[in-house]
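Each step along the sequence shown adds one to the number in the UniProt record's numbering, with nothing skipped, and position 529 is 529. Note that beta-carbon positions come from the ideal geometry of N, C-alpha and C, so glycine has one too. Just so it is clear, the structure is predicted and the values come from calculations on it, not from any experiment. Everything on this sheet refers to the single structure shown next.
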Amino acid sequence: MHPHKQPERDRRKPQVDIPYGARPPQNPSGPAFPVPESPWAFELSPPSYGIRATTSHGISERLANPWDDAATNSLDTPRATNSRSSNRPNTSTGYDFRPMADGGLSRATSMFESGVVGAGPVTGTSTRMAFPEPQMYRSTSSSASLTPPSQTVRHSRSRSDLSGQRIGAPQLRKEPSMVSIASHASSYYADHDEDEHYYTAAESSATDGETEDLSKELSKLSLNSEENLLNFQKGKLQDKDQEWHKLVPDEAREVLGKEEVQRQSVIFEVIKSEADYVADLVAVQAARIFIHGLRAADPPILEAGSLESFISEVFYNGNNIIDHHQRMLAALFARQRDQHPLIQSIADVVLEAILNPGFRDSYITYIKHYPIAESRHRRELKKNKSYANFIHAVTSATSSSISILQKLSPTHLSRIRKRDLVTFLSRPVTRLPRLNLLLGQILKLTEKGDYRDHPDLQTLPIILGIVGDCVKETQPGIEAAEAKVKFWALCENMVLRPGEILNMDLYDENRTLVYESMVARRGRSDAGFSTWLDQNLALLDNYILINQEEKRGAVIKRVAVSRPIHLSYLRLASFEGQPETRREKAEDTGGILDSLRRVDVPLYPFTVYHASSRSTRRYTFYVTSEALRKKWHNVLVDTLFVNRVRDEASMWFLQKTMSDRFFRSFITSTPASSGISGRIICAVPFGDKRKFIAVGCTTGIYVSPKGDEAFRKVLSHNNPISMAAIHSLGEKSFNKFLIHYDTSLVSYSLDLLTRVALLEASKEALDASLERIAGGDSGAGTGNVLFFKHAQVGQRMLVIYASRKTLSFSVGLSVLEAVDVGATAIMPKRSGSAMSVRPLGEPGSIPKDAHDVAVLVRTIGVCTADSIVILDPTNVAMSQARLVPDFSSSVQSPPMADLKEHTLNAKPLGLVRSNDRELLVIYDTLGCYISKHGVPQRKSGYIKWETQAASYAHRGPHILLFSASFIEVREIELARLVQVIEGNDIRLLYSGPLQGEFEDVTLVAMKDDEDDTNSKEKVVALEPTVAIQSSVATPASASSHPGMWDEWDM
């Protein structure tokens, strides 16, 4: 009989379906040795039908199928129910994952393209084919190649045949079986000795009835298992059935070892958790339940201008993460369909996903941003009732309660119902640690099972390292984001003093909350007794805040109990004080006398203070431990250092020393004839081609070229009050040097002054150029000069001075116009009047307490004790005076009344222009904004200076406030403190007007800190700095000269 021929009565095909993942029994051709039949010999994970094998004689044959007609040895088409051996179309999974590139879900999609081994025909005494015994191994592809039977692998009890041989493992079955057909095309294949490739089989005594009964039972199990697996991937399987052991027949589990069962369960958990994760992301992002609902809401839930920014801030780059995981889930499902119930490995799929460009960056970006996204969502919940109602409707209501839900499937509805949006937003944050944990369990089980040369032993540690490093890299970003969220919460709940404009630059993207904690302070009760106050101390990177927590409804407000201290003014005092005790209520133990029990708690003090108010703004805080006190000391020291370095790197005004060796002030032991200059009082820069600086001191006026310490005394006017150099304006040349000393205002020739300083002219020639303008014995009858200022108004250079006559209580204001020196030669000399100036309009009266003049564009402001008088300088007598600020409406406006009260004890210093609509009125302790009509603006708010100013200077968009120890630089329009310059005995010498090269220069005098005698004084110029990016303009400047590279033929 032909070796493949069977009797007609034995050509019956059993009605059996192999379990999902198994393959039909094969009738191998060309056996290496006779294989006895066994009724229990069956094999899992079949190869595709119609595979050809090459016999030992080189003849290509198709593998025999024991289900086929043995007489014809034909291969019938597989049953429709056996979908594992056919190419299926792509099926919707219910998880909305993206299909593989080929679009199919066939067995050929497995990464393990493997071959099968053919065998010869079965020989034996029985006329019936034996039913094969279970033999576990990985599945083969429909496109696999064939390998000789000598390369087949013996299977151990708890692993697939692609794994390495497990040492000392018991055999999968007790009875021998036919030759296994295994794949060797995979890189996971391990070499084995030839002795391990075969099993011997024993004669089976099973009857036809037993075979048919088992076939029917396995058919039922196979159908249920395959159907359940497909339902699981489609998301239609109930949660209680989504376990590996419930998708695998009992017969298959019984032949596996404990470690393999656990390992397969964890692998299944990885796939299951990945499906849940993708479904959650899709529910929030791709399904557009939340995003589309916000955009389609009518009426709008969020304002149109803030909707997209809100969506971007809350949902951020979640779509990028979805893309990566949908691809990974599709690959995992394909592997599961290909190899279930015994999956060799999923490590290669996970590794390919995490090595995909953008996977790591997407996670790092999202996780670092997550605290901000959650905070933004919670803030909107609190303040926007419509948004809160929308979230509640989506997460708890039925699909008919909101329009967007009507289009959703029951799967999506069940997934989002009763789950807060924060749960979905936080899924990417917890996914990587969860995935690492599961993969770590797989690695432990693989090592515990002693799988020799299993690929997971090399691949999984790599994955764990990559994912672990990614998680670690996000930790600093998470901490920074959490700190920013806490900072925002602090800002939102902070309550400052009403009426005060305090710009702490909280909207700066680099602003951070460095540290905060509860502290105790000593205070006074209403009855006057000493008591303890619990307060919140918060350290920002630019301010320190002292707040009292107050619960207002469901919100805890932080009420400022003291003005925040800028770190440039913060100083540290003692941090080593002895602890003090505070009596507190004892812990409640349920006893009757618990309310009366008290315990002593030690508190550790530390002190800080404001550098400009050492006595009035000194704060001692108490904390509960020495460690917490050290913590505060460390963070304060570090933060102050960072603040100082940052300020030095971003100075708006740079200190440039003009002189630090020549000028010295008098001390007690200094003789009168020592030649010391004395205290510096005033200074002025001047010059056309060559620059000079004149310095007025106690002993006279000294002049030197700029940058040279060769000062020479040119005039002997002791204690000059102020000086001015009027050189030119347009084509007009004035050539005058004005000096206000004692009660007189005089002028000298500016050219002669410079020649005397250079020893090119005598002092007598300079004295001969003296011209008395007002005061003293000038003969003009103007009285004693109180103050003067020169100013440019339009195309005129004006000299404005105030004077008071003897025995008069009124003060007059006169305005003179400087005359071009070319016109003085043809003008007739008037008796008792100066030739270099002429009166402009009639003098007018001003309040007797006037002390300075502030110059605006077309008007001037005369500063008095409590207000500023606005006048027209071209005709003071006829101009209509206006007082600013205008508090006429203070009775009807409580904020204006509060502002008026704060200005009662403040001294006006001047006013400057803020913008096209506002001016800033500058007092010695505060500032306020007014309109062009003098009415207070910005809700009658005021700016409190950090230190009491004696004078100010206006430079560009900034004002500089001068006190004895500090120069405070603020933005005019925003009132933001941008720079603090510290010094000793600071005095403003020169601040304008803005002319020529010196238009931005501000001169100040201060003591030299390096001088032990405290007598050396220096003159410092404050020059504005330029941003680095605007000063480095080489490419732009080069391109602006097209011919500069011509010789290089560029």
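Three-state secondary structure (DSSP) of residue i
{"i": "Tyr1016", "result": "Per the sequence shown, the amino acid found at residue 1016 is Lys instead of Tyr. If DSSP states are grouped into helix, strand and coil, Lys1016 belongs with the strands."}
{"i": "Gln326", "result": "helix"}
{"i": "Gln948", "result": "coil"}
{"i": "Tyr507", "result": "coil"}
{"i": "Ile354", "result": "helix"}
{"i": "Asp469", "result": "helix"}
{"i": "Ser362", "result": "helix"}
{"i": "Ala108", "result": "Its pLDDT being 36, under 50, Ala108 is placed unreliably by the model, and nothing is read from it."}
{"i": "Arg558", "result": "strand"}
{"i": "Gln336", "result": "helix"}
{"i": "Asp534", "result": "strand"}
{"i": "Phe529", "result": "coil"}
{"i": "Arg955", "result": "strand"}
{"i": "Asn547", "result": "strand"}
{"i": "Pro579", "result": "coil"}
{"i": "Leu961", "result": "strand"}
{"i": "His292", "result": "helix"}
{"i": "Pro341", "result": "coil"}
{"i": "Leu856", "result": "coil"}
{"i": "Val255", "result": "coil"}
{"i": "residue 1073", "result": "Here the chain comprises residues numbered 1 to 1050, so residue 1073 is not present and cannot be evaluated."}
{"i": "Pro476", "result": "helix"}
{"i": "Ile501", "result": "coil"}
{"i": "Glu973", "result": "coil"}
Nonlocal neighbours in the same chain, by C-beta distance under 6 Å from residue i, ignoring five residues either side
{"i": "Gln792", "result": "Pro993"}
{"i": "Tyr702", "result": "Val695, Phe711, Lys713"}
{"i": "Phe788", "result": "His740, Leu745, Tyr801"}
{"i": "Gln171", "result": "Its pLDDT being 37, under 50, Gln171 is placed unreliably by the model, and nothing is read from it."}
{"i": "Ser716", "result": "Gly700"}
Residue i at chain B interface by Cβ criterion, 8 Å
{"i": "Tyr316", "result": "The structure shown contains no chain B; it holds only a single protein chain."}
Chain-order list of residues whose beta-carbon lies under 7 Å from that of residue i (same chain, five-residue window excluded)
{"i": "residue 1059", "result": "It is not possible to answer for residue 1059, since the shown part of the chain is limited to 1 through 1050."}
{"i": "Ala765", "result": "Leu752"}
{"i": "Val519", "result": "Gln535, Leu537, Phe621, Tyr622, Val623"}
{"i": "Thr446", "result": "Arg263, His454, Asp456, Leu457"}
{"i": "Val485", "result": "Pro371, Ile372, Ser375"}
{"i": "Val561", "result": "Gln535, Ile546, Asn547, Gln548"}
{"i": "Ala483", "result": "Thr512, Leu513"}
Residue burial classification, residue i (beta-carbon count within 10 angstroms, cutoff 16)
{"i": "Tyr188", "result": "Note that Tyr188 scores a pLDDT of 35, beneath 50, so its modelled location is shaky; the value from the coordinates is reported in the next line. By the 10 Å Cβ count, Tyr188 comes out buried."}
{"i": "residue 1138", "result": "Examination of residue 1138 is not possible in this model, given that the chain is present from 1 through 1050 alone."}
{"i": "Pro602", "result": "exposed"}
{"i": "Ile546", "result": "buried"}
{"i": "Leu247", "result": "buried"}
{"i": "Phe315", "result": "buried"}
{"i": "Arg987", "result": "buried"}
{"i": "Glu760", "result": "exposed"}
{"i": "Glu550", "result": "exposed"}
{"i": "Pro839", "result": "exposed"}
{"i": "Glu973", "result": "exposed"}
{"i": "Leu919", "result": "buried"}
{"i": "Glu901", "result": "exposed"}
{"i": "Ser177", "result": "For Ser177, the predicted structure reports a pLDDT of 36, less than 50, and the residue's modelled location is therefore unreliable. A value from the coordinates is still provided. Ser177 comes out buried."}
Whole-number beta carbon distance between residue j and residue i, since they are thought to touch under 8 Å
{"i": "Leu813", "j": "Gly844", "result": "5 Å"}
{"i": "residue 1062", "j": "Asn542", "result": "No statement about residue 1062 is possible, as the shown extent of the chain runs from 1 to 1050 and does not include it."}
{"i": "Ala950", "j": "Ser963", "result": "6 Å"}
{"i": "Tyr952", "j": "Glu500", "result": "About 20 Å separates the two Cβ atoms, so there is no contact after all."}
Same chain only: Cβ atoms within 8 Å of residue i, ignoring 5 sequence neighbours per side
{"i": "Thr474", "result": "Tyr363, Ile364, Ile367, Lys368"}
{"i": "Gly934", "result": "Ile870, Arg882, Leu883, Val884, Pro885, Asp886"}
{"i": "Asn384", "result": "Ile301, Leu302"}
For this session: Within the segment 422-465, note down every full alpha helix (DSSP H) run reaching 4 residues or more, in order along the chain.
Result: 427-448
For this session: May I have a chain-ordered list of the beta strand (DSSP E) segments no shorter than 3 residues that lie completely inside the segment 754-787?
Result: 771-774
For this session: Output the residue ranges of the beta strand (DSSP E) runs that lie fully inside the segment 682-753 and measure 3 residues or longer, sorted by chain position.
Result: 692-697, 700-705, 712-715, 720-729, 732-741, 744-749
Problem set entry | Contiguous alpha helix (DSSP H) assignments of at least 4 residues, all confined to the segment 858-914 | 894-903
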